[in-house]
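Heads up, the sequence shown is in this note's numbering, so the first residue is 21 and it goes up one at a time. The beta carbon of each residue, even a glycine, is placed where N, CA and C say it ideally should be. Right, one structure below, let's go through it.
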Amino acid sequence: LVLHVQAIDADAGDNARLEYRLAGVGHDFPFAINNGTGWISVAAELDREEVDFYSFGVEGVEARDHGTPMLTASASVSVTILDVNDNNPTFTQPEYTVRLNEDAAVGT
Numbered sequence: 021l022v023l024h025v026q027a028i029d030a031d032a033g034d035n036a037r038l039e040y041r042l043a044g045v046g047h048d049f050p051f052a053i054n055n056g057t058g059w060i061s062v063a064a065e066l067d068r069e070e071v072d073f074y075s076f077g078v079e080g081v082e083a084r085d086h087g088t089p090m091l092t093a094s095a096s097v098s099v100t101i102l103d104v105n106d107n108n109p110t111f112t113q114p115e116y117t118v119r120l121n122e123d124a125a126v127g128t
């Protein structure tokens, strides 16, 4: 779990029951939200070398009640992806060859 967002509603009963959703994101967005709890989690593999920052926008997280009329609130969420050591070192060429005289001085 990445982040918990929470909205409050001063109404009572169904008018105070909230649902959360990520607005304005595609089906391949790498984060998901539990619509009942507001917990945001990672839903797809992340790669900092491809995308290092996500912003869900001004209406990124939406909470709506079940009253009539249905009222909403929104919040902005930004996620910075930190780098991890996920790349192996590589040599600049596959093979190195040298010819050395047998009388080469130590340390040369």
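Mapping DSSP to helix, strand and coil, what is Ala52?
-> As a first step, residue 52 must be located in the sequence shown, where it is residue number 32. DSSP places Ala52 in strand when its eight states are reduced to three.
Would Val62 pass as a contact of Phe51 if the rule is Cβ separation under 9 Å?
-> Numbered from 1 along the sequence shown, position 42 holds the residue referred to as residue 62. Numbered from 1 along the sequence shown, position 31 holds the residue referred to as residue 51. Cβ atoms of Val62 and Phe51: closer than 9 Å.
Cα-Cα separation between Glu39 and Asp103, rounded to whole angstroms | Start at 1 with the first residue of the sequence shown, and residue 39 comes out as number 19. Start at 1 with the first residue of the sequence shown, and residue 103 comes out as number 83. Whole-angstrom Cα-Cα distance: 33 Å.
Is any heavy atom of the ligand SAM found at a distance shorter than 8 Å from the C-beta of Arg37?
-> No copy of the ligand SAM occurs in the structure displayed, which carries no ligand at all.
Is it a yes or a no for the stretch 105-120 touching the stretch 83-95, going by three-plus beta-carbon pairs under 8 Å?
-> no
In terms of residue numbering, what span does the beta strand (DSSP E) encompassing Ala95 cover?
-> As a working note, residue 95 is residue 75 in the sequence shown. Ala95 -> beta strand (DSSP E) spans Thr92 to Ala95.
Would you kindly work out how many angstroms separate the C-alpha atoms of Leu23 and Gly56, rounded to a whole number?
-> On the sequence shown, position 3 is the one that residue 23 refers to. On the sequence shown, position 36 is the one that residue 56 refers to. Cα to Cα, Leu23 sits roughly 14 Å from Gly56.
Hey, out of Leu66, Ala36 and Val25, whose CA is closest to Asn48's CA?
-> Residue numbering aside, residue 48 sits at position 28 when the sequence shown is read from its first letter. The sequence as given places Asp at residue 48; Asn does not occur at that position. That would be Leu66, whose Cα lies nearest to the Cα of Asp48.
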